[in-house]
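Okay, so here's the structure we're looking at.
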Amino acid sequence: MIETLHVALGARGYDIRIGPGLLARAGAEIAPVMRGRKAAIVTEERVAALHLPALREGLAAGGISAEAVILPPGEGSKSFAVFERLLSALLDLRIGRDDLVIAFGGGVIGDLAGFAAATLRRGVDFVQIPTTLLAQVDSSVGGKTGINAPQGKNLIGAFHQPRLVLADTGLLDTLTERDFLSGYAETVKYGLLGDAAFFERLERVGPALKAGDEAARIAAIRRACEMKAGIVARDETETGERALLNLGHTFGHALEAATGYSDRLLHGEAVSIGCALAFEFSMRLGLCAQEAPSRVRAHFREMGMRTTLADIEGELPGAETLVSLMGQDKKVKDGRLVFILARGIGEAFIAADAPAEAARALLEDALAERRG
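Using my numbering, read the sequence shown as starting at 3 and increasing by one per residue.
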């Protein structure tokens, strides 16, 4: 059962294909969107060990041969050094303007390979084959590409839409529980920001989805992609509504920077903690009832996810430093922090005037609770 969604961006529109078995038919899926004769697969060591032979076989069945560039895993690869290494490898492979880059991995590989495709020869086509739940529901869709800087996450990048997204749900079976739940945080985010019924459904089916229920997984991925595709079609370059997709990310990106973009805190873990903090912040500002942050935390805890600063191992800086790290975020406008806050489950909005002092007080309380 393969589901198809279309991202409506006119001549740059593309399909998202969701379901099991897509890797085996990758060549047949990709061939119609290829302009040239060559493709380069950009992947990372763990994904290559698990799935690269199957992708090569699937591409070959459709008449496509491709060389692979295999990079180190982890958020640390979204760096200038690895970006330069990737561009050099693609140039060595003589990937031209009419050729194709295939991003084969999680969010890190998708962002990195997409940015390389955006800049190589001033732009070459690329296809996303996301291998994690996080990438399938979020980062592979919408054309945001980029790398991190020492000053903050995703501060260097470009909008570059893929030609196609192949979300093979069978690949999710090889994820660790931690990686799966990291992606689940981004899935829940869509319900929290704009679809209360979707959040309620996830409250019911979340455990089955985690346990491997394929129908539940496909339905959840489709709804998340459907929501993102609609928002991207209306606001491709984040001049307005698209900023809602950053729910939980202002807090989350600061926590990722504070932990050195390391395995101490995966991106989705930062998002789950960030969503809990955003709803707590909204409640403190009198925007939503106390029930809302309580429901968010309760569902995350039921699923075995991180919800507080106490769930982060090792040292964390003080509240002042965390607020300063938020100040490097892309969502700063006119020197003011922009938060995504909520009037309730499914009722997020963009707040350009949320008081930084109140955010600092929230973080001080969270750090005090962490110290016990």
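We put the beta carbon where it would ideally sit given N, CA and C, even for glycine.
Residue closest to residue i, alpha-carbon to alpha-carbon, out of the options
i	options	result
Gly107	Ile347, Thr171 and Phe200	Thr171
Lys40	Glu240, Ile220 and Asp94	Asp94
Val139	Ala363, Glu322, Gly270 and His301	Gly270
Asp197	Met36, Ile347, Gly12 and Gln130	Ile347
Glu202	Gly214, Gly262 and Ala294	Ala294
Thr216	His251, Asp175, Ala119 and Arg19	It is worth fixing the name first, because residue 216 is Glu in this sequence and not Thr. When only C-alpha atoms are compared, the closest one is Asp175.
Ala256	Gly38, Glu322 and Met229	Glu322
Glu205	Ala300, Glu238 and Ile220	Ala300
Gly214	Leu135, Asp367 and Gly254	Leu135
Arg165	Pro357, Asp17, Ile314 and Arg373	Asp17
Val190	Thr178, Val207 and Ala235	Val207
Val234	Ala151, Ser142, Gly276 and Ser274	Ser142
Gly12	Gly329, Leu268 and Glu238	Glu238
Pro132	Leu102, Ala210, Pro152 and Leu173	Leu173
Glu315	Thr178, Tyr263, Leu267 and Glu228	Leu267
Ile352	Leu247, Asp367, Met285 and Gly329	Leu247
Val167	Ser274, Gly15, Leu343 and Glu317	Gly15
Ala245	Val71, Leu343 and Gly60	Leu343
Gly329	Arg58, Ala62 and Ala358	Ala358
Ala10	Gly242, Gly60, Gly232 and Ala51	Gly232
Euclidean distance between Cα positions of residue i and residue j
i	j	result
Ala42	Val126	11 Å
Ile297	Gly64	It should be noted that the sequence gives Arg, not Ile, for residue 297. Each residue's alpha carbon lies about 47 Å from the other.
Glu31	Leu279	41 Å
Gln292	Arg345	11 Å
Leu194	Leu249	8 Å
His251	Glu5	29 Å
Val49	Ala137	13 Å
Ala68	Ala28	12 Å
Asp100	Gly38	5 Å
Gly320	Thr261	12 Å
Ala350	Pro34	39 Å
Arg362	Leu327	12 Å
Ala360	Leu287	8 Å
Ala210	Leu177	16 Å
Ala272	Glu228	23 Å
Glu179	Tyr263	20 Å
First and last residue of the uninterrupted alpha helix (DSSP H) at residue i
i	result
His162	That residue, His162, is in no alpha helix (DSSP H); it is neither H nor E in DSSP.
Pro34	Premise fails: Pro34 is in no alpha helix (DSSP H) and is neither H nor E.
Leu61	Glu47 to Ala63
Ala368	Ala358 to Arg373
Val84	Phe82 to Asp94
Gly185	Glu179 to Gly196
Ala321	Ala321 to Met328
Where the beta strand (DSSP E) through residue i begins and ends
i	result
Thr252	Careful: Thr252 lies outside any beta strand (DSSP E), inside the alpha helix (DSSP H) at His251 to Ala260.
Arg19	Tyr16 to Gly21
Lys40	Element bounds for Lys40: n/a, residue is neither H nor E.
Phe313	The residue asked about is misnamed: residue 313 is Asp in this sequence, not Phe. From DSSP, Asp313 is part of no beta strand (DSSP E); its letter is neither H nor E.
Leu73	Ala68 to Leu73
Val9	Glu5 to Val9
Gly288	No beta strand (DSSP E) contains Gly288, which DSSP labels as neither H nor E.
Thr121	Segment Gly109 to Thr121 is the alpha helix (DSSP H) holding Thr121; no beta strand (DSSP E) there.
Ala151	Lys146 to Ala151
Ala350	Ala350 to Ala353
Ile223	Counting along the chain, Ile223 falls outside any beta strand (DSSP E), though it belongs to the alpha helix (DSSP H) covering Glu216 to Arg236.
Asp127	Asp127 to Pro132
Proximity below 8 Å, CB of residue i to CB of residue j
i	j	result
Phe341	Phe302	no
Leu365	Leu324	yes
Ile97	Val129	no
Ile149	Ser81	yes
Ala56	Leu25	yes
Ala259	Gly154	yes
Asp265	Gly76	yes
His162	Gly116	yes
Arg225	Tyr186	no
Ala118	Leu88	yes
Whole-angstrom C-beta distance between residue j and residue i, which should lie under 8 Å
i	j	result
Val84	Leu92	Contact flag wrong, Cβ pair sits at about 13 Å.
Glu371	Thr310	7 Å
Ile20	Ala169	5 Å
Val44	Ser79	Rounded, the Cβ-Cβ distance is 10 Å, inconsistent with contact.
Leu369	Ala356	Wrong, their Cβ atoms sit about 19 Å apart, outside the cutoff.
Gly306	Gly276	Incorrect: roughly 18 Å between the Cβ atoms, too far for contact.
Lys230	Gly144	6 Å
Leu102	Met36	5 Å
Thr147	Asp181	Not quite, the Cβ-Cβ distance comes to about 21 Å (not below 8 Å), so this is no contact.
Met3	Ile220	7 Å
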